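Residue numbers (full-length UniProt numbering), protein chains in the order written: chain A, 1 to 344; chain B, 1 to 344; chain C, 1 to 344; chain D, 1 to 344. One structure is given here, and the rest of the page talks about it.
Number of protein chains: 4
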Amino acid sequence: MQLGMIGLGRMGANMVRRLTKGDHQCVVYDLHPQAVQALLHPGATGASSLQDLVSKLSKPRVLWLMLPAAVVDENLALLTPLLEAGDIVIDGGNSYYHDDIRRGAELKARGIHYVDVGTSGGVAGYDRGYCLMIGGDKEAVQHLAPIFATLAPGAGAASPTPGRQPSDSSAEQGYLHCGPQGAGHFVKMVHNGIEYGIMGAYAEGLNILRNANVGKRSHEADAETTPLRNPEHYQYELDLPEITELWRRGSVIGSWLLDLTAGALLQDPKLDHYAGRVSDSGEGRWTINAAIDEAVPVPILSAALFTRFSSRGEGDFADKVLSAMRQGFGGHVEKPAQQKKLED
Amino acid sequence: MQLGMIGLGRMGANMVRRLTKGDHQCVVYDLHPQAVQALLHPGATGASSLQDLVSKLSKPRVLWLMLPAAVVDENLALLTPLLEAGDIVIDGGNSYYHDDIRRGAELKARGIHYVDVGTSGGVAGYDRGYCLMIGGDKEAVQHLAPIFATLAPGAGAASPTPGRQPSDSSAEQGYLHCGPQGAGHFVKMVHNGIEYGIMGAYAEGLNILRNANVGKRSHEADAETTPLRNPEHYQYELDLPEITELWRRGSVIGSWLLDLTAGALLQDPKLDHYAGRVSDSGEGRWTINAAIDEAVPVPILSAALFTRFSSRGEGDFADKVLSAMRQGFGGHVEKPAQQKKLED
Amino acid sequence: MQLGMIGLGRMGANMVRRLTKGDHQCVVYDLHPQAVQALLHPGATGASSLQDLVSKLSKPRVLWLMLPAAVVDENLALLTPLLEAGDIVIDGGNSYYHDDIRRGAELKARGIHYVDVGTSGGVAGYDRGYCLMIGGDKEAVQHLAPIFATLAPGAGAASPTPGRQPSDSSAEQGYLHCGPQGAGHFVKMVHNGIEYGIMGAYAEGLNILRNANVGKRSHEADAETTPLRNPEHYQYELDLPEITELWRRGSVIGSWLLDLTAGALLQDPKLDHYAGRVSDSGEGRWTINAAIDEAVPVPILSAALFTRFSSRGEGDFADKVLSAMRQGFGGHVEKPAQQKKLED
Amino acid sequence: MQLGMIGLGRMGANMVRRLTKGDHQCVVYDLHPQAVQALLHPGATGASSLQDLVSKLSKPRVLWLMLPAAVVDENLALLTPLLEAGDIVIDGGNSYYHDDIRRGAELKARGIHYVDVGTSGGVAGYDRGYCLMIGGDKEAVQHLAPIFATLAPGAGAASPTPGRQPSDSSAEQGYLHCGPQGAGHFVKMVHNGIEYGIMGAYAEGLNILRNANVGKRSHEADAETTPLRNPEHYQYELDLPEITELWRRGSVIGSWLLDLTAGALLQDPKLDHYAGRVSDSGEGRWTINAAIDEAVPVPILSAALFTRFSSRGEGDFADKVLSAMRQGFGGHVEKPAQQKKLED
């Protein structure tokens, strides 16, 4: 099939490569002409503008947007007037599903199909394939099946689930039509919310392992500090790169995120290259919003989100309130920051 | 009554003053002679050593220890050989109740009564009185009733609870025999666990109020940052000193901790005098331990404890793990710390 | 002053009584005529319809809505056509502040002032006064000052904050103009979010105290159950009504919510009259939404909200997922519900 | 090698089978003779008592205990007198590492080696191999290497970690000597703590997906219930078995736990076979205890633990306290349990 790709960042560029490798034709466009140049190869044609892009596509046109969520609407505003009834616009980025619902209705009024695709797989997707969570009307989604099948990892990417009957379910190929507009990004949103929780679970556990030697460090005895009652229980020097490598084989907590963690710790056992300021790109927040609207309790997923906020200093004022209260009722004066405890 | 006080810090010294004002006789001792000197006044006699202290008390002796939890056992080891059957030792500090159970049994073998008293009230206790949570055998606790009655705030400190019948309950006076050894510190421990939770609730809420102007700040649009969807909803400049003062009158969340917070914000509206490194002195930890042993869910109290740990940088390594994972799957590079966002 | 009150439920009716006691004139209206009848007394005139209500008010009219948040908009739609430029509409209920911002703009187009008032104090407000958090334009708020001053508790409701200079701050009277439209309900929203956290802190702590006798109960030893390692540490039978009464005097955690808790436990020490299905009326949710928009970490306030969701069974499906996973990897079969453990 | 296995439950029996398949000789014992009978096969010899077991092993004897943590000490008390210096005792169950430290010291006094092995892999371990986290003295651990190598999954169980140099690290085989006594169970403990967190992350996310149709259900408008503001955002009927199958291919959250979840949902899409009473077998609790001792913040791992407690009704009393408070300040009467919302 032929497809126009708008946005040639990390994700978009790799998706084009995977598509052309699968014998699809791509016309590619990016605000930065050098990104277009860099991607030209057999199967991939460059476009110099949205107009140029649209003119190079045969009808019904298929346009895939792979852009930061914040700029999708402005691009759609430019793109839509260039399209015709029957064309298909796909948002493969991380849009808020509320926007999909709105956009789907707006484009439907012009006869244009809007399909939202939550795309997981990260920078490894070119090799491993992309997991695609799809929302939109059935007709458009079916039309795009060859594209989805090429981008997706394929059935061989996981062992068969015991008890699953032979079927034409595309889920086993790695893509799924989840429901009407927004359903794809809704499922991807929750996917990312889960991802935050899993990541946080590993991170907290590794922090406990790293501090298993706390009994070796000297501790002061004053009214402000709780002495460690049993320092003999915390005399371990644990090797995090080896332990994460170990867990990759046979343990209950094996996962792709663990694979990546083992790789990162191998390169940098103390993770000194990182400051620990953790970004959040929206889906984690929207997941909690959805849970609240649904009255679903999410103590784990929300804790994971708030940990990220705190990592960026957003809780500092609240901490100051605590110190002020402690001084108020107990005359407690804040302890000066000691020599940073994790320094070795 | 006559009482020997060991430990003349913030708490111990004020308790002596309140006792002598109530016509009790105190013999006072501290490792630092100047603390003894500073406290001498009618009703308070100084002692130069534990031996001197014990020799100045008539039998059965009453000894009140007001010491950091970490040094109680070593002081008891020195003190116990100087005592006789029938004497009463009180630990009024913040000991772990496990230690009370052990000490009670050890001292009982010598015929000495051990009484644990969880003491709340902080530096304001001299004026307001101390709330006393007491564990120990009935005989000793009853003997000490005049002491407790003087230290406690008295019935007038709170309005009568509707429906309460006239009774001889000492709870209405502000002291209570909660149960056998350890019961006093157990109740005080949970009291402090609750305190952490309440403090944290105010702190988080005030942080939300403080950031109600976030819509006025410029926000970048990139794949790493979620744009604020509705900046028009966050255009408020809220006056925290005035709001906390307001809430002190008639609101559902009025409390003594709120009174203190209003006072602190009045003096220092941005709390610039604090760095936000919040200590925890043990009871909060033990509260969670007890909850876990009892299988009681405590998501709020534990969150309050962990916030304190994080405020001291103890979560930094976990945050680095998150950044390393994000780089692994998404190629996300950590954003540098921006100009500190709360700076005005 | 003269004021029209729309909505004569628990809150509205008591506010009218407090206003007329303060020599204001009220015209009162409710969808249920019997609610109007029940409230007639010197100073309070009944109205049979919104038209009737409006016609009985002198200009500029002052109308106070005290309605469930869900029906404010439909009432405003009926009311607005009856009003004129210069009139003032007050929403004293628990509206979402987003709605205030929208309504304020809509009414401003007609020259009508819109004032949002977050009202705390509950059913005790008639006696204690109401804590009023106010948003709106300065002119309207100043015009309403006599009303607010009567509804508020007054300066005597709390002891003076140390260091506060004599001023004309209304916060000391118990009402405050917090900012433009929505600011009142924003502050009230966060107030309620804090309230959830404080309530939860007490509730969790009391649950720990209640289970301090867990060491007395028999425990099975099988691979599914962790044995209690130190049953001797959990042999206490603690008296919750007495302990909460105790804490009301001199402790750091004294508060009005504690007063109420002591009263409730006095009447029903095991709280057998309650099933523990806890409602949430919106502000707690919106508080978390605001925190997320602002990137403010709120682990405590969110835990308090999610506990309420769970109390209503909203987490059951997630729990089933856990059981299914445990069976999957470990062959663990769910244990049947034992005889309910808290039954005595 | 020859090995004596004590405890032939799910885990022990499968480990024997995997060992004999790997050409080791096993002498097997269980309190239940039928468990011994059921396991007899080439390579596995039965024992009728601990004495019989010990007598059938050549020296230095290797004994592997695969028992519930609660009965290890009593079995060790019976076993130890039968052993000699140089023998090796392995605890492969889920013991608390504090016990390992104590037992290691006790057995060392008799010249007996004590090795603790945290074993992950569950009922699938026979096929997939077991992930082994090992604590003890180097000599004993090295002696046992052939056993560990057979039980472990082997290097082929995971793709090579990029950048790892060829080495003799056993972690790549699936077993690791983590440190002195207790280190194996410490690492396994934290492993399980992480497991709780990951499981909970999936469970919460799936609960959000399941309730994505909440906008279709009717909602009441009263002061006790927050109306859903945007029901049009919650109109999705999501297919959980298909979505979990989908995520197994190419997504960032792929894992073995997800594989199991997809399998469980395939069999029972609504999980009606489960009541949602989730057990916890100790490691999750000890993980939080260790984190608290180390002052490491663990909001996610603790939330996962507390969710399990709540699933068993352990939070009910706290919920009743909330309802009692709400009635106290607001006159709110608990809403009766509605027709169960998740019923279809």
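Glycine included, each C-beta is placed from N, C-alpha and C at the ideal position. Nothing here was measured: the structure is a model prediction, and the numbers come from that model.
Item                                                                                                                          : Value
Partners in chain C for Val117 of chain D, counting only beta-carbon separations shorter than 7 Å                             : Within 7 Å Cβ-Cβ: nothing; Val117 of chain D doesn't reach chain C, min ~16 Å.
Partner residues on chain A for Tyr274 of chain B, Cβ-Cβ distance less than 7 Å                                               : Lys320, Ser323, Ala324 and Glu334
Alpha-carbon spacing of Lys341 of chain C relative to Asp293 of chain B, whole angstroms                                      : Per-residue confidence for Lys341 of chain C stands at a pLDDT of 35, beneath the threshold of 50, marking its modelled position as unreliable; the derived number appears in the next sentence. Taking the straight line joining both Cα atoms gives about 15 Å.
Check whether Ala295 of chain A and Val321 of chain B have beta carbons under 8 Å apart                                       : no
Beta-carbon separation (whole angstroms), Ala157 of chain C vs Gly250 of chain B, contact threshold 8 Å                       : 6 Å
Below-8 Å beta-carbon distance, Asn289 of chain C vs any chain A residue                                                      : yes
Gln327 of chain D in three-state terms, based on DSSP                                                                         : helix
Helix, strand or coil at Ile6 of chain B [DSSP, three-state]                                                                  : strand
Per DSSP, cross-strand counterpart(s) of Val115 of chain B                                                                    : B:Ile90
Gln338 of chain B at chain D interface by Cβ criterion, 8 Å                                                                   : Low confidence applies to Gln338 of chain B: its pLDDT is 48, below 50, so where it sits in the model is not reliable, and the reading given next is rough at best. No, its Cβ sits nowhere closer than 8 Å to a Cβ of chain D.
Residue-chain proximity (Pro269 of chain A, chain B), Cβ-Cβ < 8 Å                                                             : no
Cβ of Ile253 of chain D within 8 Å of any chain B Cβ                                                                          : no
Under 8 Å from the C-beta of Ser169 of chain D: neighbouring residues of chain A                                              : Glu242 and Glu245
Inter-residue spacing [alpha-carbon to alpha-carbon] between Ile6 of chain D and Leu63 of chain D                             : 7 Å
Buried or exposed by the 16-neighbour rule on C-beta atoms within 10 Å, applied to Gly331 of chain A                          : exposed
Nonlocal neighbours in the same chain, by C-beta distance under 6 Å from Tyr97 of chain D, ignoring five residues either side : Gly182, His185 and Phe186
Contact under 8 Å by Cβ, Gly174 of chain A with Leu246 of chain D                                                             : yes
Below-8 Å beta-carbon distance, His233 of chain A vs any chain D residue                                                      : yes
Cβ-based neighbour list, Lys56 of chain D, same chain, cut-off 8 Å, excluding 5 preceding and 5 following                     : Gly4, Val27, Thr45 and Ala47
Residues in the region 294-315 of chain C having any Cβ partner in chain B nearer than 7 Å                                    : Glu294, Val296, Val298, Pro299, Ile300, Leu301, Ala303, Ala304 and Thr307
Coil, strand or helix - Asp316 of chain B by DSSP                                                                             : helix
Same chain, Cβ closer than 7 Å to Leu82 of chain B, neighbours up to 5 away in sequence not counted                           : Leu50, Gln51 and Val54
Against chain D: residues of the region 202-218 of chain C by CB proximity under 7 Å                                          : Tyr202, Ala203, Glu204, Leu206, Asn207 and Arg210
Contact set for Leu240 of chain A: own chain, Cβ-Cβ below 8 Å, skip 5 residues either direction                               : Leu206, Leu209, Arg210, Leu265 and Pro269
Tyr196 of chain C (DSSP reduced to helix, strand or coil)                                                                     : helix
Interface flag, Phe329 of chain B vs chain A, CB-CB below 8 Å                                                                 : yes
Burial state of Asn230 of chain B (16 or more Cβ within 10 Å)                                                                 : exposed
Chain A contact residues for Gly22 of chain D, given Cβ-Cβ distances below 9 Å                                                : Per Cβ cutoff of 9 Å: no residues; Gly22 of chain D is ~14 Å from chain A at best.
Proximal residues to Val333 of chain D (C-beta, below 7 Å), its chain only, five neighbours per side dropped                  : Gln327
Coil, strand or helix - His273 of chain B by DSSP                                                                             : coil
Continuous beta strand (DSSP E) stretch holding Gln25 of chain D: start and end                                               : Gln25 to Tyr29
With 16 other Cβ atoms within 10 Å as the buried cut-off, status of Pro160 of chain B                                         : exposed
Minimum Cβ-Cβ distance from Arg102 of chain B to chain D less than 8 Å                                                        : no
Coarse secondary structure for Ala44 of chain B, derived from DSSP in three states                                            : strand
Backbone CA spacing between Gln165 of chain C and Leu258 of chain B [nearest angstrom]                                        : 19 Å
Touch test, the region 190-198 of chain C against the region 276-286 of chain C, Cβ-Cβ under 8 Å, three pairs minimum         : yes
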